[in-house]
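K.L.:
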Amino acid sequence: MVFERKHRVGVDEVNRKLLMTNRAIIVSFENTASFQSDSIHYGILDIPQTLLTWFVIDWKVRVIRRPLYGEELTIRTWGRDAARSFSYRDFEIYVNDELCVQATSKWALLNVATRSFESVTPELLQRYGNEDSMSVFAERELEHMMVLDEYDIRTPITIRKSDLDFNGHVNNVKYFDFLIDYANVPEFNDFRITYRKEIRKEDEVYLCHSKVDNKDMFAIIDAEGQVKTIIECE
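Residue numbering for the sequence shown is 992 to 1225, as defined by my numbering.
Spelled out as structure tokens, the structure:
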């Protein structure tokens, strides 16, 4: 089942050129996925009954034309290629009939009581609808991203209470703020993000950066060398 909603780009979602930011694009996608879960009673408000929640572990996003402040978006999403405890979810943003942004993502299903992965059941797939014939990119699976042996720049990150979500971890859209605050990066039109480990308030973490073959390669790594997040932009 393809789930669709309308959204008008607000003033808090644009940069100085009045163009929608990557952070805002990801937020719009995550909200759309959450609203679909709400519609079939597997949303955040249903967690006390279902004990289940989805969390995103990987993104691939391509911006074809960045939406402007005030434009009305049609945001579409659907699940596909679910297996074991994971499912892919694709997204598209249209302005009128113009495709502006396309993305794919990978999500894991977690049992909040046991803190373990839960299998995606046929009943759950039936509720969401599994559109295996539809993929926004030719490559249906997201390839594993590698960490560099060394990075040219290593900058400490200060984790604030406002960076945390309702789970007590750094909200995954905050990583876009880290790129702006600590690396002063532009709004890349093609990017990948893999979330390996959650970041907590007490973690000592660093934003590491190198440029390789015209790609900006980032990793967030803690003091013990554990990789939290990998980001590739071009």
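C-beta atoms are modelled at their ideal positions from N, C-alpha and C, and glycine is treated no differently. Computed from a predicted model, the values in this text were never measured in an experiment.
1. Would you mind giving the Cβ-Cβ distance between L1010 and R1053, rounded to the nearest angstrom? I have them listed as a contact below 8 angstroms.
2. For F1179, which residues in the same chain have their Cβ closer than 6 angstroms to its Cβ, ignoring the five residues on either side in sequence?
3. Within 10 Å of its beta-carbon, does M1208 have 16 or more other beta-carbons around it, so buried, or fewer, so exposed?
4. Considering A1073, what are the terminal residues of the beta strand (DSSP E) in which it resides?
5. The beta strand (DSSP E) with A1094 in it runs from where to where?
6. Would you kindly check if the distance between the Cβ of S1076 and the Cβ of S1110 is under 8 angstroms?
7. Do K1051 and F994 count as a contact pair if the criterion is CB distance below 8 angstroms?
8. Determine the closest residue to A1214 out of T1220, D1194 and K1206, with distance taken between C-alpha atoms.
9. Who pairs with N1163 in a beta bridge, going by DSSP?
10. So, helix, strand or coil for V1047, using DSSP?
11. Mind checking whether K1152 and R1187 have CB atoms under 8 angstroms apart?
12. Taking all protein chains shown into account, do 16 or more other C-beta atoms lie within 10 angstroms of the C-beta of D1049, making it buried, or fewer, making it exposed?
13. So what's L1115 in DSSP terms, helix, strand or just coil?
14. Under 7 angstroms Cβ to Cβ from A1015, same chain only, skipping five residues before and after it: list those, please.
P.N.:
Here's the rundown:
1. Numbered from its first residue, the sequence shown carries residue 1010 at position 19. Numbered from its first residue, the sequence shown carries residue 1053 at position 62. Not confirmed; about 15 angstroms, so no contact.
2. Taking the first residue of the sequence shown as 1, we reach residue 1179 at position 188. So the list reads C1224, once near-sequence residues are dropped.
3. Numbered from its first residue, the sequence shown carries residue 1208 at position 217. Buried is the call here.
4. One-based indexing of the sequence shown puts residue 1073 at position 82. A1073 -> beta strand (DSSP E) spans E1063 to A1074.
5. Within the sequence shown, the letter at position 103 stands for residue 1094. Counting along the chain, the unbroken beta strand (DSSP E) around A1094 starts and ends at E1089 to N1102.
6. Walking along the sequence shown from the start, residue 1110 turns up at place 119. Walking along the sequence shown from the start, residue 1076 turns up at place 85. Taking 8 angstroms as the Cβ cut-off, S1110 and S1076 qualify as a contacting pair.
7. Translated into the one-based positions of the sequence shown, residue 994 becomes position 3. Translated into the one-based positions of the sequence shown, residue 1051 becomes position 60. When the beta-carbon positions are compared, F994 and K1051 stay at least 8 angstroms from each other.
8. As a first step, residue 1214 is located in the sequence shown; it is residue number 223 there, counting from the start. Checking every option, the nearest Cα to that of A1214 belongs to D1194.
9. Numbered from its first residue, the sequence shown carries residue 1163 at position 172. Paired residue(s): none; N1163 is not in a bridge.
10. Position 56 of the sequence shown, counting from 1, holds the residue named residue 1047. Reduced to three states, the DSSP call for V1047 is strand.
11. Walking along the sequence shown from the start, residue 1152 turns up at place 161. Walking along the sequence shown from the start, residue 1187 turns up at place 196. When the beta-carbon positions are compared, K1152 and R1187 stay at least 8 angstroms from each other.
12. Mapped onto the sequence shown, residue 1049 falls at position 58. D1049 is buried by the Cβ-count criterion.
13. Residue mapping note: residue 1115 aligns to position 124 of the sequence shown, counting from 1. DSSP places L1115 in helix when its eight states are reduced to three.
14. Translated into positions along the sequence shown, residue 1015 becomes position 24. So the qualifying residues of the chain are E1004.
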